[in-house]
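>
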Amino acid sequence: MLRHAAMLALVLGTGACARVLPAQAPAHGSLRAEAVVAEGDVDAPAAALPLVVMVERDRVVAVDPIHGRTRWSLPLVVTGHPVASAYRVILPVRGQQLVVVDRDSGAIERTLVLPGEALTGVAIAEPWIVATVLEDRPGVRGQIMAFSTEDGDRLWRRDTAAPLGVPEVAGDVAVVPAGEQIVALRLRSGRELARLDVEAAGTQGLALERVAHRRGAWFAGAGTRWVDLGGETDATHELLAGHDDVFHATGRIDVGHSDDERVRLWLRWSDVDATPRDAMVLARRAVVAMRLDGQGQPLRGRWVHSEDEEIVAMEVLGDRVVLAREDGAIVVLDDSDGRVVRRIGGGEPIRGALVLGAPPKIRRNPRLADSPRVTADLHRLLQDPDPRLLPVQRIAADLLWRDDDVEVRRTVLALARGQSGPHDAATDAADTLQAHAQRLIATRWGSASREELAASLAQLRRRPAFGRVDEDFTPLVQQTVRSAQPEVTAELTALLLHPGTSTDALVGIVDALGAIDDAAALAALTTFVQRYHADAIVATESRAVQAAATIVLRFAAGGSPAGVQARTALRAIADDPLTEPALRTVIVRGLASLPADGDRVSAR
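Heads up, this note's numbering is the position in the sequence shown plus 13, with the first residue counted as 1.
1) Count the CB pairs spanning the stretch 393-413 and the stretch 97-109 that are closer than 8 Å, and state whether there are at least three.
2) Based on the DSSP secondary-structure assignment, which residues constitute the bridge partners of residue 169?
3) Measuring only the C-alpha atoms, how far is residue 427 from residue 585?
4) What's the gap between the Cα of residue 174 and the Cα of residue 251?
5) Nearest CA to the CA of residue 236: which residue from 294, 83, 187?
6) Starting from residue 449, trace the alpha helix (DSSP H) in both directions and tell me its first and last residue.
7) If you drop the 5 nearest sequence neighbours on each side, which residues of the same chain put their C-beta closer than 8 Å to that of residue 110?
8) With DSSP as the reference, please indicate the residues paired to residue 311 in a beta bridge.
9) Using alpha carbons as the reference points, say which of 443, 386, 607, 574 lies closest to residue 404.
10) Would you give the residue range spanned by the beta strand (DSSP E) that residue 226 belongs to?
11) Return the Cβ separation of residue 518 and residue 487 in integer angstroms, given the expectation that the two are a contact with Cβ distance under 8 Å.
12) Roughly how many angstroms lie between the CA atoms of residue 410 and residue 317, to the nearest whole one?
13) Against chain D, does residue 448 count as a neighbour if the rule is that its beta carbon must be under 8 Å from one of theirs?
14) Let me confirm a value: residue 353 is counted as buried when at least 16 other C-beta atoms fall within 10 Å, else exposed. Which label applies?
15) Identify the residues that DSSP records as bridge partners of residue 194: which are they?
16) What first and last residue would you give for the beta strand (DSSP E) that runs through residue 110?
17) Go through its chain and collect everything with a Cβ distance to residue 618's Cβ below 7 Å, but skip five positions before and after it.
18) Give the secondary structure of residue 588 by DSSP, where H, G and I count as helix, E and B as strand, and everything else as coil.
19) Please confirm whether residue 495 and residue 459 have their CB atoms less than 8 Å apart.
20) Looking at the unbroken alpha helix (DSSP H) that takes in residue 181, where does it start and where does it end?
21) Rounded to whole angstroms, what is the Cα-Cα separation between residue 88 and residue 463?
22) DSSP puts residue 579 in a beta bridge; with which residues?
23) Nearest to residue 160 by CA position, among 178, 151, 177, 138, is which residue?
24) From the DSSP output, read off the bridge partner residues of residue 519.
25) Is the number of C-beta pairs between the stretch 362-369 and the stretch 320-328 that are closer than 8 Å three or more?
26) Leaving out five residues on either side along the sequence, give the residues of the same chain with a beta carbon under 8 Å from the beta carbon of residue 3.
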């Protein structure tokens, strides 16, 4: 019966081969509706056979990551990325071939011949193998084809003028990146079922190298940049936006175990829906585990782990994170806090690895206890001079900037201003990381959601009525220090200069502006000091005026035009005989401590 079904599929596949898959076509259908996976469709034996398939120069070795024993080895030259099911491991090898290996014993079952050497990717879901290859024929840039794992027959093949990425199989469909679109094909026939435009591929240069299916959700991308392919409407949004790979993508999508594979994003889904909640990013020799917000952006660091040797593969098995190092060593971490559980010594150097085993556990408590060292580890990561760590250094800056503690965020401010950093100032990595920090400080800080920040801004825009004392803005002002966005500076300075703001509230507002450390507040703070410098009641009953003068002095220490103007204004206040004496003392001492050349406007 199976043989007849295979023959029927082969006949249908021949028809599909005659129809060239369009390189660009109107979007249609629904990826979510077509790629339905039955509930409970779990490959149970996969949990019983943990395995690390390590690719050496001219050999493949399968190692038990629990006990460190070698299960099997084969003398093969692997040229692409292996994939596996619960029963088989598929190895792309030299000579335009796929070798099908029994996962448990390492016995070769069969060899499949491909039409092209430049393999882009393979996916397996019993009883199907789907492969994409690059082509160099007139009008044809790639092919996608399906094979039977039972007998090795090729069931169908389709040519296309679009470059193809690494496919994924789910349910009875194969999904593949094709140019700037995602295409879903019927597994049995190769017939096109749905096509989705990915706007970020055209407008933001997102490389659609791979497509992945996890718990009903679809993602496409590469490295640390992935697009969520949406829900019912198949709308897309980008995860970890702006965190590019440290290495530029090559013209070929998948050239085997290369540098591109050593920058990777791993996502965990909640047990409530398919929204990603936790993530890990691997970059060369460091792993950062983090919590994501509702938009899929870094929110809170969980733990950081780094190695002296490069990490060529990472996977989460159950409650363990398994790392394969370039020297063949295997490191096992606890998924919850990143502590090292086990180390297995290496042997021959490896170019890559495939980590197999039990699926990761679904976290039922989203508020995991973070490593107590995570903040210090993120600071240390930012100071590492290795330019290969740039992707996770960007993310470390994001996580520090989203912290509710203003002292934690000061590291990012210093990085943006060139006052600290891991790299020599002349390197591209230094410039790139500083530019990222400069963009970052122009965005929201702290852990509040976009909706919470919008509500806080709306409350701040309610100006106090003159003479009323029942409106206490202090808790709201304190909240802006913990979590807010740049627009809050304008609202705080407006509140500072508002005639209805109470004397007590002025202290909290000035303290908040000092903690936020935004130069956009300088003009308002200078105006505030000028307005009340001779007002004995305000100047003596509230420390707000002296605190504001201290902040202005901090900014006046620079050579910017605004700093020079602030210095000039402070000198005028110090020379005014009506200035409150204690305030004059603060200003005179502060001016005396400033650099002598501060009046010259910096050319930078």
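Built from N, CA and C at the ideal position, the CB exists for glycine as well.
Taking the structure as given:
1) no
2) Residue numbering aside, residue 169 sits at position 156 when the sequence shown is read from its first letter. Partner(s): 159.
3) Within the sequence shown, the letter at position 414 stands for residue 427. Within the sequence shown, the letter at position 572 stands for residue 585. Rounded to whole angstroms, residue 427 to residue 585 spans 30 Å at the Cα level.
4) Here the question's residue 174 lines up with position 161 in the sequence shown. Here the question's residue 251 lines up with position 238 in the sequence shown. Residue 174 and residue 251: Cα-Cα distance of roughly 26 Å.
5) Here residue 236 refers to the residue found at position 223 of the sequence shown. Closest option to residue 236, Cα to Cα, is 294.
6) Counting from 1 along the sequence shown, the entry for residue 449 is found at position 436. Segment 441-453, the alpha helix (DSSP H) holding residue 449.
7) Locating residue 110 in the sequence shown gives position 97, counting from the first residue. Here the set comprises 124, 125, 126, 127.
8) Numbered from 1 along the sequence shown, position 298 holds the residue referred to as residue 311. Answer is 305.
9) For this step, residue 404 is matched to residue 391 along the sequence shown. For the residues 443, 386, 607, 574, the minimum Cα distance to residue 404 belongs to 443.
10) For the purposes of this step, residue 226 is identified with residue 213 of the sequence shown, where counting begins at 1. Taken as a continuous stretch (DSSP letters only), the beta strand (DSSP E) holding residue 226 covers 223-227.
11) Translated into positions along the sequence shown, residue 518 becomes position 505. Translated into positions along the sequence shown, residue 487 becomes position 474. Sure, about 6 Å apart at Cβ, within 8 Å.
12) For the purposes of this step, residue 410 is identified with residue 397 of the sequence shown, where counting begins at 1. For the purposes of this step, residue 317 is identified with residue 304 of the sequence shown, where counting begins at 1. Approximately 13 Å between the Cα atoms of the pair.
13) The displayed structure is made up of one protein chain only, and chain D is not part of it.
14) By one-based count along the sequence shown, residue 353 stands at place 340. Classification for residue 353: exposed.
15) Taking the first residue of the sequence shown as position 1, residue 194 is located at position 181. Note: residue 194 sits in a beta bridge opposite 191, 210.
16) Reading the sequence shown from its first residue, position 97 is the one you call residue 110. Residues 110-115.
17) Residue numbering for the chain in the displayed model covers 14 to 617; residue 618 lies beyond these limits and cannot be assessed.
18) The sequence position of residue 588 within the sequence shown is 575, counting from 1. Residue state, collapsed to three classes: helix.
19) What you label residue 495 is simply residue 482 of the sequence shown in a count that begins at 1. What you label residue 459 is simply residue 446 of the sequence shown in a count that begins at 1. Yes, Cβ-Cβ distance for residue 495 and residue 459 is below 8 Å.
20) Position 168 of the sequence shown, counting from 1, holds the residue named residue 181. Careful: residue 181 lies outside any alpha helix (DSSP H), inside the beta strand (DSSP E) at 181-183.
21) Here residue 88 is taken as the residue at index 75 of the sequence shown, counted from 1. Here residue 463 is taken as the residue at index 450 of the sequence shown, counted from 1. Cα-Cα distance, rounded: 55 Å.
22) As a working mapping, residue 579 is identified with position 566 in the sequence shown. Paired residue(s): none; residue 579 is not in a bridge.
23) Along the sequence shown, read from residue 1 onward, the residue named residue 160 stands at position 147. Checking every option, the nearest Cα to that of residue 160 belongs to 138.
24) As a working mapping, residue 519 is identified with position 506 in the sequence shown. Answer by DSSP bridge pairing: none, since residue 519 is not bridged.
25) yes
26) For the chain, the structure presents residues 14 to 617; residue 3 sits outside this window and is missing.
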